[in-house]
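Trainee: Handing you a structure now.
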């Protein structure tokens, strides 16, 4: 299995631009998570999907952030407009609920830099 | 408030020098305690799940233990390849999500 796939791996953009991060979960996993990691705040859960439905988006920082999961094999996290404080590493993770909700498999991350 | 706290923040050991990492938690009705390893530039990698006090899990040079208030990750005779950040996490008591600790950055000198 290829594991969780994220793209792009690195993104540099200017303040005010739209940014779209992409994730392909492990085949057969039906839970998908978006996290943000910074030195100051550590690893924070942004939003969680189960069977393609958003379950908990309480971690999404503000309306500039949105996430979608149109099917079981693809999810996007969009930031519009982007701000310098959004600079972080964004991880996508997936889990197979029946095997253990909390045994999450993380992708390699997207390092976002907003100038 | 649910919290997961790890100590020390950083630990430098000589190869072969055994030690322990600590994870303390204040989560009502604990439903599991998880350990992850994170290498630089990569996502966290799942290591262990512990569900009840007294439980132990082992993997190579690592052994995780759980009490009612904390978990320890014991590393025996570590090698340089064990250098990484080790994260512990616990499910939030009232929400279907995980709370991660800030991690312990472990460095093993050859």
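Residue numbers (this note's numbering), protein chains in the order written: chain A, 1 to 115; chain B, 1001 to 1110.
Note that the Cβ used here is the ideal one computed from N, Cα and C, for glycine as well.
Roughly how many angstroms separate the alpha carbons of residue 1090(B) and residue 19(A), rounded to a whole number?
Mentor: Sequence index remark: in the second chain, residue 1090(B) carries index 90 (1-based). Sequence index remark: in the first chain, residue 19(A) carries index 19 (1-based). The alpha-carbon atoms of residue 1090(B) and residue 19(A) are separated by roughly 31 Å.
Trainee: Tell me whether residue 37(A) is buried or exposed, calling it buried when 16 or more other Cβ atoms sit within 10 Å of its Cβ.
Mentor: If you number the first chain from 1, residue 37(A) lands on position 37. Residue 37(A) is buried by the Cβ-count criterion.
Trainee: For a cutoff of 9 Å on Cβ pairs, would you count residue 116(A) as touching chain B?
Mentor: Because residue 116(A) is not part of the residues shown, which for chain A are 1 to 115, the question remains open.
Trainee: Chain A partners of residue 1078(B), CB-CB under 7 Å?
Mentor: Indexing the second chain from 1 puts residue 1078(B) at position 78. Simply none; closest approach about 23 Å.
Trainee: So which residues on chain A does residue 1029(B) lean against when the C-beta distance must stay under 7 Å?
Mentor: To locate residue 1029(B), count along the second chain from 1; it is residue 29. Those do not exist, as residue 1029(B) stays about 14 Å from chain A at its closest Cβ, beyond 7 Å.
Trainee: Here's a check: name, in chain order, each residue in its chain whose Cβ is nearer than 6 Å to the Cβ of residue 113(A), leaving out the five neighbours to either side.
Mentor: For the purposes of this step, residue 113(A) is taken as the residue at position 113 of the first chain. 12, 87.
Trainee: Given residue 1051(B), which residues of its chain have a CB within under 6 Å of its CB, disregarding the five upstream and five downstream residues?
Mentor: By one-based count along the second chain, residue 1051(B) stands at place 51. Around residue 1051(B): 1032.
Trainee: Which of helix, strand or coil does DSSP assign to residue 13(A)?
Mentor: Residue mapping note: residue 13(A) aligns to position 13 of the first chain, counting from 1. In this structure, residue 13(A) counts as strand in the three-state DSSP scheme.
Trainee: Any beta-carbon of chain A closer than 9 Å to the one on residue 1087(B)?
Mentor: Here residue 1087(B) corresponds to residue number 87 of the second chain, with the count starting at 1. Closer than 9 Å to some Cβ of chain A, the Cβ of residue 1087(B) qualifies, so yes.
Trainee: Quick check on residue 25(A): does DSSP put it in helix, strand or coil?
Mentor: Stepping through the first chain from its first residue, residue 25(A) is reached at position 25. Note: residue 25(A) maps to coil in three-state DSSP.
Trainee: When the Cα of residue 115(A) is compared with those of 106(A), 81(A), 102(A), 63(A), which residue comes out closest?
Mentor: One-based indexing of the first chain puts residue 115(A) at position 115. Ranking 106(A), 81(A), 102(A), 63(A) by Cα distance to residue 115(A) puts 81(A) first.
Trainee: With DSSP run on the structure shown, which of helix, strand or coil describes residue 1091(B)?
Mentor: The count along the second chain starts at 1 and reaches residue 1091(B) at position 91. In this structure, residue 1091(B) counts as strand in the three-state DSSP scheme.
Trainee: Please determine, among 1101(B), 1043(B), 1068(B), 1073(B), the residue with the shortest C-alpha to C-alpha distance to residue 1000(B).
Mentor: Given a span of 1001 to 1110 for chain B in the structure shown, any question on residue 1000(B) remains unanswerable.
Trainee: Mind checking which residues open and close the beta strand (DSSP E) that includes residue 56(A)?
Mentor: Position 56 of the first chain, counted from the start, is the residue given in the question as residue 56(A). Segment 53-56, the beta strand (DSSP E) holding residue 56(A).
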